[in-house]
Amino acid sequence: MWDVAIEPRASVARCYECGSSPVFALCHHCWRPGCKKHVRPSPRWARKILREGSGPGLAKAPVYHCGGCAHGKALTAGTTWRWLVIVLGGAALAVAGIVTVRLSPTVGAILLLTGGLSALVAMLHVWRGVARARTALPVPLLPKAVDVELTEELRGEITLEGEGDEYRTVLDPVKGELSVRFTFGGPDRERVRRRRKRARTHDAAVPWCAGRILLSGPFGIRTGDEIAGPILPLDGNSGDHAVFRPLDPPSSSPWKYRRRYELRTEPKIASGPIWITPSIVPDSGRHGLELDVQWVKFGPDEDKPLSLRMIELLRLEFPVRWGEIHTWGLLDEVGTQPRATVGLGGEGRQFIELKRITPADQEKDEARTTHVTLAIRFSGQVDPGDEISGRVTAKMGGTLSGVTGVTLFNSLGGRRALGRSASVKTRVDLGFRISLANIRYQALRVDPDRAAEDSNRDSYADTFDVVPDDEAVIALTNAMSEEGYYVKHVIENPPRSGRRANEFQRYWDIKGRRYVGVYPVDFHIILTGEEVRSGGIRPERGATKVRIVVKGAYTDDEMERTIREEYKRLRDLTEATLGRKSPMTSETG
Ligand SMILES: [Zn+2]
Ligand SMILES: [Zn+2]
156 MWDVAIEPRA SVARCYECGS SPVFALCHHC WRPGCKKHVR PSPRWARKIL REGSGPGLAK
216 APVYHCGGCA HGKALTAGTT WRWLVIVLGG AALAVAGIVT VRLSPTVGAI LLLTGGLSAL
276 VAMLHVWRGV ARARTALPVP LLPKAVDVEL TEELRGEITL EGEGDEYRTV LDPVKGELSV
336 RFTFGGPDRE RVRRRRKRAR THDAAVPWCA GRILLSGPFG IRTGDEIAGP ILPLDGNSGD
396 HAVFRPLDPP SSSPWKYRRR YELRTEPKIA SGPIWITPSI VPDSGRHGLE LDVQWVKFGP
456 DEDKPLSLRM IELLRLEFPV RWGEIHTWGL LDEVGTQPRA TVGLGGEGRQ FIELKRITPA
516 DQEKDEARTT HVTLAIRFSG QVDPGDEISG RVTAKMGGTL SGVTGVTLFN SLGGRRALGR
576 SASVKTRVDL GFRISLANIR YQALRVDPDR AAEDSNRDSY ADTFDVVPDD EAVIALTNAM
636 SEEGYYVKHV IENPPRSGRR ANEFQRYWDI KGRRYVGVYP VDFHIILTGE EVRSGGIRPE
696 RGATKVRIVV KGAYTDDEME RTIREEYKRL RDLTEATLGR KSPMTSETG
């Protein structure tokens, strides 16, 4: 009845037996992933006989088997035991022969011969069995592994042509790359040499195995030649690397492991991952330009969107006619103030380039910043008929494929510990070309009207019967955050004594911003009041005044109306929050 498109869910690498994740180890025979219960290390005696790994890092490492392969192994080990029993039996027979030889030389000789022969044959069987079991698998190696990186690149172009055109972001298909830098050294060469010696071929190419790479998390990668699934083989041949050369080998050989991929389904980010909004600063005589860079929430997991780590590059190109850059600055808090490079481009254009902008508070989840604004003042005038262009690249934590981690497993199936954990990230790289024609008629709206505000300040303040304290301020800012307002700062002036000895004047300054679409609307709230104390630490009563000013740039009537509504919205919110705290209402209600 309903037309419902069901999208295939990206699979996650899980235990082959019980389906649990994360994966604890891999079976080093069939490489099936398993939990702690279903892929287990071999018992000590089996390891002693089979000696599956050798050299530093592998000789004492646990050897992992799944249920199926452990069963097969136990069987061969069982046969080995049977042959060992024959060896012992034969030896006993031979000893009996030596004892009997004095009584009856013929019987003694027969016993000695059959016992000795069967012991010898059985012994050879055991050796050959063990050797065969070992050489059936590739030589287990353990190359050094550094710089484990998985990077997905999201490239695109933002355009806004002349008047009337729409803001557009066109994205290219996501490109992913997994890379690790391996180095084969002396111990690996020794392992290959021993295998050749055992096989009695000193220069033959022998296959080796360096384990597996496991990509954890939802596997939203389109499978292909380079990546066939979440578990990737690290197999090869001794002929591939100079370090395994029998003659004159180097002390080590680097191996750059690199696999490229695309996504199973392209991400749906209709509005684009980053928004660029220029505006000519109102009241600047057209000397000021602000460039707002805002990133939106996106990613395969709605509850855990990608998080911006750093804007690696912000480059703005503009006409030479605008003159020199007088001043520039970032209007938002950043981890470290970046340096700017200014220069001339071709075709009558110049540029300013900022590198490594780290927005503050990226670690804290609640107060996560979602934009930075670059403000520039030019010696000449900004012409609204002109076009700006440039590029922004950003590094974000998380991936679009869903992959959350990269884990290395050694050739015996155990998890490898890395010096530095894998870097799993997305790089956003957007070019932009934006005509200022669309923002030509921009003006500034301040609510309440500035002239009225100056002439009669108090008439624009709302008064509440609540004590002006931290509690009231926190209640208000919490309510604002819940409603999508970004509170930039809350500053409290030290309390001052009032008209009477038991009265105190309090003052808070709250500033912040809310986005309506891509347009920022700034607000400024001044909360003042008097508290009355009578001996105790807590004030017994007080009165709080709240004055709100809302400011925003607009290009059309609708936007202007939005700013006016924003003022009303904030006023209603204040009334609802502080009105509820008022003792008057709580008594009556
Ligand atoms: Zn399991
Ligand atoms: Zn197995």
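Residue 156 is where the sequence shown starts when you use this note's numbering, and the numbers rise one by one after that. Each residue gets a CB set at the ideal place from its N, CA and C atoms; glycine is no exception.
Residue i beta carbon near ligand 1 (any heavy atom closer than 7 Å)
i, result
"S371", "no"
"S176", "no"
"H193", "yes"
"E172", "yes"
8 Å Cβ cutoff met for residue i and residue j
i, j, result
"G804", "P623", "Because the chain is modelled from 156 through 744, residue 804 falls outside the range shown and cannot be assessed."
"L444", "I507", "no"
"V583", "L305", "no"
"I589", "P373", "no"
"L369", "V558", "no"
"H193", "H220", "no"
"P188", "P217", "no"
"C666", "H679", "Cys is not the amino acid found at residue 666; the sequence shown has Lys there. It is a contact, given that the beta carbons lie within the stated cut-off."
"W450", "H357", "no"
"P649", "L555", "no"
"V642", "V628", "no"
Nearest-angstrom beta carbon gap, residue j and residue i [assumed within contact, 8 Å]
i, j, result
"L387", "A365", "About 11 Å; that fails the 8 Å criterion."
"Y416", "I382", "5 Å"
"R344", "K411", "Not really, about 19 Å apart at Cβ, beyond 8 Å."
"C190", "C224", "16 Å between Cβ atoms; not a contact."
"L485", "T528", "7 Å"
"G375", "L418", "6 Å"
"L315", "L326", "That belief does not hold up - the Cβ atoms of L315 and L326 are roughly 16 Å apart, past 8 Å."
Distance cut-off 7 Å: residue i Cβ against heavy atoms of ligand 3
i, result
"G223", "With respect to ligand 3, the structure offers nothing, as its ligand set consists of ligand 1 and ligand 2."
Selected residue, minimal CA-CA separation from residue i, among the options
i, options, result
"K706", "K700, E695, R719 and D712", "R719"
"K215", "R199, W430 and A225", "R199"
"R654", "A634, R688, L631 and G331", "R688"
"E479", "V436, G222 and L499", "L499"
"D438", "L728, T732 and A708", "A708"
"V621", "A731, D538 and Y640", "A731"
"K299", "R323, T338, V329 and M278", "T338"
"R724", "P694, R669 and E307", "R669"
"L239", "P295, V475, R476 and V276", "V276"
"I703", "T513, D617, R349 and V294", "D617"
"K452", "V436, H442 and A425", "A425"
"R600", "K643, R693, A577 and E713", "E713"
"P694", "E658, R414, L728 and P428", "E658"
"T324", "G427, G212, H481 and R716", "G427"
C-alpha distance - residue i paired with residue j, whole-angstrom precision
i, j, result
"S209", "C170", "27 Å"
"E472", "E626", "47 Å"
"E318", "G684", "49 Å"
"G245", "A274", "4 Å"
"A522", "A515", "Any reading at A522 needs caution, since the residue's pLDDT is 43, under 50, leaving its predicted position unreliable; the model's value is listed next. Spanning the two alpha carbons is a distance of roughly 9 Å."
"I313", "G174", "44 Å"
"W430", "G540", "21 Å"
"K510", "L461", "21 Å"
"H280", "L243", "13 Å"
"A606", "D677", "At A606 the pLDDT is 47, less than 50, meaning the model places this residue with poor confidence; the figure from the coordinates comes in the next sentence. So the two alpha carbons sit approximately 18 Å from each other."
"V167", "W363", "28 Å"
"L248", "L266", "6 Å"
"L230", "G568", "Caution applies to L230, whose pLDDT of 45 falls short of 50 and renders its modelled position unreliable; the value that the coordinates give is listed next. About 21 Å."
"E321", "W663", "41 Å"
"T496", "V329", "30 Å"
"M278", "G271", "10 Å"
"R504", "E542", "10 Å"
"E647", "R661", "8 Å"
"T717", "E457", "28 Å"
"V347", "F179", "28 Å"
heavy atom of ligand 2 below 7 Å from residue i C-beta
i, result
"C182", "yes"
"C190", "no"
"C185", "yes"
"H220", "yes"
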